[in-house]
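In this note's numbering, the protein residues as written are 576 to 895.
So this is what it looks like as structure tokens:
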């Protein structure tokens, strides 16, 4: 059975969708699964034994490439003859990609989407409430489309893979940035946390603003700033870490995917929707109701989260 998954972006959302791979293969061992993704995020999917082929696309913020990419998709469609295409993104853009790849495409119904018109492109659509946990949304849509049982996600196995080797093994890995500034925890608070914990800490960063924040933290603590890393390199560092701490961002969500302890700090996004809490994967948030359909990107409530509460959580998870 040839299956294509469309999940273009962003990093954390792709990680939350990748969990479906292992359950597809457990139920349909001979399935050939291809994945269509924005080019900049392809590294998070590389080396995954459950993916047959990766197709990086250039659809974001560059209209000059869009027509060429859609022509490429038509060629891929003819070559591969997919039995089923799953659109786990749920946007008009991704729905169009799914439809070009195969008329037998499946997605969320219009009541379950932020862009309801996307459902127009699907041959079959299923209702999974938009407000539901995003990881369970991906699993439920996949299982309904393939007529398989919805699994207990506590049985998941680690699902990020890298060939990169490193001797760097942080006791604490801090992720300074996120896609919105309102999701970024203040660097001054991280200084307070690191100076209280006194453990071997490393700071990861991805752009110049994050590098500046990382340097500030290192200047005021004994932490070490990592060099800029590829996604494959970062996967290895996360796997080597005893605790990962950061905002609602892709690099922080790598911890859950790899079965590593983590503390995810939530601001304007709903913690109960955007991750899964386990005995070793904890969250802390602004303790207020957040409407998933009406996120306020200018809500900086994350700045009010007391670093002392995060220190207490970290002490629960760090080795004695």
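Note that beta-carbon positions come from the ideal geometry of N, C-alpha and C, so glycine has one too.
Residues of the same chain with a CB within less than 6 Å of the CB of residue 609, apart from the 5 flanking positions on each side, are 579, 627, 628 in chain order. Annotation: the region 693-770 contains the following complete segments of the beta strand (DSSP E) (minimum length 3 residues), in chain order: 699-701, 747-750. The alpha-carbon of residue 787 is positioned some 43 Å away from that of residue 649. Residue 789 places its beta carbon less than 8 Å from that of residue 800. Cβ-Cβ distances below 6 Å link residue 764 to 882 in the same chain, with the five nearest sequence neighbours on each side left out; the list follows chain order. Note on residue 593: 16 or more other CB atoms within 10 angstroms of its CB, so buried under the neighbour-count rule. The alpha helix (DSSP H) runs of length 4 or more contained entirely in the region 605-660 are, from start to end of the chain, 617-620, 638-655. With distances taken between CA atoms, residue 640 lies nearest to 613 out of 613, 624, 652, 699.
For residue 813, DSSP assigns no beta-bridge partner whatsoever. Residue environment for residue 729: exposed (fewer than 16 other C-beta atoms within 10 angstroms of its C-beta). Look at residue 682 here: in three-state DSSP terms it is strand. In the three-state scheme derived from DSSP, where H, G and I count as helix and E and B as strand, residue 821 is classed as strand.
Judged by DSSP secondary structure, residue 844 falls outside any beta strand (DSSP E); it is assigned neither H nor E. Across the structure, residue 847 and residue 657 are spaced so that their CA atoms are roughly 34 Å apart.
Going by DSSP, residue 602 is part of the alpha helix (DSSP H) stretching over 586-602.
Residue pairing by DSSP places residue 799 opposite 777 in a beta bridge.
Excluding residues up to 5 positions away in sequence, 616, 619, 825 lie with their Cβ nearer than 7 Å to the Cβ of residue 586 in the same chain. Our two residues, residue 885 and residue 838, have alpha carbons roughly 8 Å apart in a direct line. In the pairwise beta carbon analysis, the region 700-713 is classified as touching the region 681-689: at least three pairs are separated by under 8 Å. Per the C-alpha coordinates, the member of 591, 600, 844, 757 positioned closest to residue 866 is 844. For residue 839, the secondary structure class from DSSP, reduced to helix, strand or coil, is strand. Your pair residue 669 and residue 583 checks out as a contact, with CB atoms roughly 6 Å apart and the cut at 8 Å.
841 is the residue among 654, 719, 841 whose C-alpha sits nearest the C-alpha of residue 820. For residue 789, the enclosing alpha helix (DSSP H) covers residues 783-794.
Beta bridge pairing from DSSP links residue 667 with no other residue.
A contact between stretches requires three or more CB pairs, one per stretch, nearer than 8 Å, and the region 855-863 fails this requirement with the region 744-753.
Annotation: residue 829 to residue 667 spans about 27 Å, alpha carbon to alpha carbon.
Residue 832 counts as buried, since at least 16 other C-beta atoms from the protein chains shown sit within 10 angstroms of its C-beta. With respect to the 8 Å criterion, residue 751 and residue 768 are not classified as neighbours on the basis of their beta carbons. Residue 759 sits close to residue 822, with the two beta carbons spaced by under 8 Å. Residue 663 is not a Cβ neighbour of residue 721, given a cutoff of 8 Å. Relative to residue 814, the option among 793, 739, 726 whose CA is nearest is 739. Taking the Cα of residue 735 as reference, the smallest distance to any Cα among 827, 762, 712 is reached at 827.
Around the Cβ of residue 696, a 10 Å sphere holds 16 or more other Cβ atoms; the residue is buried.
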